[in-house]
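Quick notes on the structure that follows.
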Amino acid sequence: MKIFTACLGTETHTGGPLPTDTRAFEETYLVRGGNHPEAINMFGVPLVIWAEAARARGWDVVESLCTFATPSGLVVRRTHEDFRDEILADLEAALPVDAVMLSLHGAMVAHGYDDCEGDLVSRIRGLVGPDVLIGAEFDLHCHISRQFAEDLTALVIYKEYPHTDFAERAQDLWRIIEATLDGRIKPHMAVHDCRMVGVFHTTREPMRGFVDRMTELEATDGVLSISLGHGFPWGDVAEEGARIVVVTDARPDVGRDLAERLGREFWDLRHEITPRYLEMEDAITRALTAPGSPIVLADMSDNPGGGAPGDSTAIPLRLFRRGIGMAAVGGIWDPVAASICCGAGEGAEFPLRLGGKTGPTSGEPMDLRVRVNTVLRDHYVESLGGSKRYMGDAAAITADGIDFVVHTARCQNSNPAFFTDFGIDITEKKILVVKSMQHFYGNYAPVAAEIIYTAAPGTLVWDFKDFPYKKLARPVWPLDDDPWATNAERPW
Ligand SMILES: [Zn+2]
């Protein structure tokens, strides 16, 4: 047997202020031929798992491109086409193969391509013909197009948000592909459109119970895998929205009925599972009055993991104006300021214009007198599940009692190492401003006295009724109160 693997992914905020170019992929993660470094990105992990599993069976593995870019605005057309064509050329050179296994994000949108994954997979299907298996693993913030699902043998999606289960889901997909190659099963995929857009945290009830129930239902009645694609609501494409995916062993009726039943259950939970965010001023006041420390203020609006730049000054400016010290902000993406700080070196003091540079949603820049405390060159910071994220050159600086971690490469804060690597003692801080929507949660919950989700002004609006959708197919909740009340059909 011969297995061909590749990874091409990013999550596109279609209104994001920064284009995603080739350099953005190179900066975040780009490996060819399976030469993964120790500091592996989570999207590279499935390829390593599949290669080890295949070789354990004595099967051949050809690993093509593996690249991922920190979420941002629309992908440059040429970037998508070049990477796609590189994977297709590698595949053509590797033919014949028995299975193609892909680690993808599922919400990559390029100029001219609303469905990058669908574009890639349909061309792969064209190359390999109808009988070769194609399996894909998706981040749960994905768009699942009909075309994509039709070209695929099996899709397995992360179940957890924060995404702590990317390795387990890679193993799930391997088991399905392996058993199919062995002739033991014949996968069939059923997809149900929930007609919902939103963000859903799996760490809290009733979402937690829903995810556990999906897991319990697997391995019953020929069910091989159950996934919930949450969708990525800041990606304005027709087929955005939550979907249930059920893969069965040749039981189309079981799959369809179960997908629909779970989809209805999920729909019934919609009000309870929608996160609540405090307005910025109230969130700061609550953080100050809450007992204990540190209090984590999660700045969801400027989450680089959702396509925001990561240089918004909204919260730190309010902290300065309210005279609040004993805070640390992680981080501010500002390549110019970070380079100046790293160049000046530890102990240097000087005036610095910091943040607020990318666009109107970044707020006003802060003019500060800063001291450089720590400089780390070419730094990788601990992220989720043992994976790492690249921060570039980075520095910890202090201004008026507030510490900032300033970095050159865009990177989400999902681990207290984002502060502690720089010698910042988080137990001494009353407030930790963390630019993340939910990935921070698992690693910060054990050390935080309280976690407060806030919707400060920024790139990621939380009320999707305010998002200027142009392509999203209707009817869909919450833009339409009851999308099930009409006979109008969404693309699914
Ligand atoms: Zn995600």
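All you need for our numbering is the position in the sequence shown, starting with 1, plus 26.
In this text, a Cβ means the ideal position worked out from N, Cα and C, and glycines have one as well.
Only a predicted model underlies this, so the values are computations on that prediction, with no experimental measurement involved.
- Pro386 carries a helical assignment under DSSP once its states are collapsed to helix, strand and coil.
- With a cut-off of 7 Å, the C-beta of His227 is classified as distant from ligand 1, since no heavy atom of the ligand falls inside that distance.
- A check of alpha carbon separations from Glu375 across Ile366, Pro494 and Val398 identifies Val398 as the nearest.
- Comparing alpha-carbon positions, the option among Leu128, Gly144 and Asn439 lying closest to Val135 turns out to be Gly144.
- At least 8 Å separates the beta-carbon of Pro97 from that of Thr40.
- Closest by C-alpha distance to Arg348, out of Asp308, Ala334, Asn329 and Pro317, is Asp308.
- Short of 7 Å from the beta carbon of Met222, and not among the five residues preceding or following it, lie these beta carbons of its own chain, in chain order: Gly267, Ala268, Trp293, Arg296, Val502 and Trp503.
- At the C-beta level, His137 and Gly257 stay beyond 8 Å of one another.
- Burial state of Thr384 is buried, judged by a 10 Å Cβ sphere holding 16 or more other Cβ atoms.
- Shown here for Ser365: same chain residues with a beta carbon closer than 8 Å to its own, the five before and five after excluded, namely Asp419 and Thr434 in chain order.
- One residue after another in chain order, those with a Cβ under 5 Å from a heavy atom of ligand 1 are Asp165 and His167.
- Taken in chain order, the complete alpha helix (DSSP H) segments of 4 or more residues contained in the segment 292-349 are 296-299, 306-315 and 340-347.
- The beta-bridge partner set that DSSP reports for Arg395 consists of Pro377.
- Nearest C-alpha to Gly70 among Thr424, Leu130 and Val431: Leu130.
- Taken through DSSP and simplified to helix, strand or coil, Pro213 comes out as strand.
- Around the beta carbon of Glu186, a 10 Å sphere encloses 16 or more other beta carbons of the protein chains shown; the residue is thus reported as buried.
- Between Gly209 and Ala180 the beta-carbon gap is near 15 Å, outside 8 Å, which marks them as no contact.
- Taking a cut-off of 8 Å for Cβ pairs, the segment 316-327 and the segment 457-466 touch, as three or more such pairs fall below it.
- Between the segment 284-292 and the segment 216-230 there are three or more C-beta pairs closer than 8 Å, enough to call the two in contact.
- The DSSP-derived three-state label of His405 is strand.
- Exclusion of the five residues before and after Asp393 leaves Arg379 as the residues of its chain whose Cβ lies within less than 6 Å of its Cβ.
- The Cβ-Cβ distance between Asp141 and Leu498 does not fall below 8 Å.
- If you draw a straight line from the Cα of Ile457 to the Cα of Thr400, it is about 20 Å long.
- The segment 421-428 makes contact with the segment 345-360: 3 or more CB pairs, one atom from each, lie closer than 8 Å.
- With fewer than three CB-CB distances shorter than 8 Å, the segment 275-282 does not count as touching the segment 504-515.
- For Arg269, the uninterrupted beta strand (DSSP E) segment begins and ends at Arg269 to Asp275.
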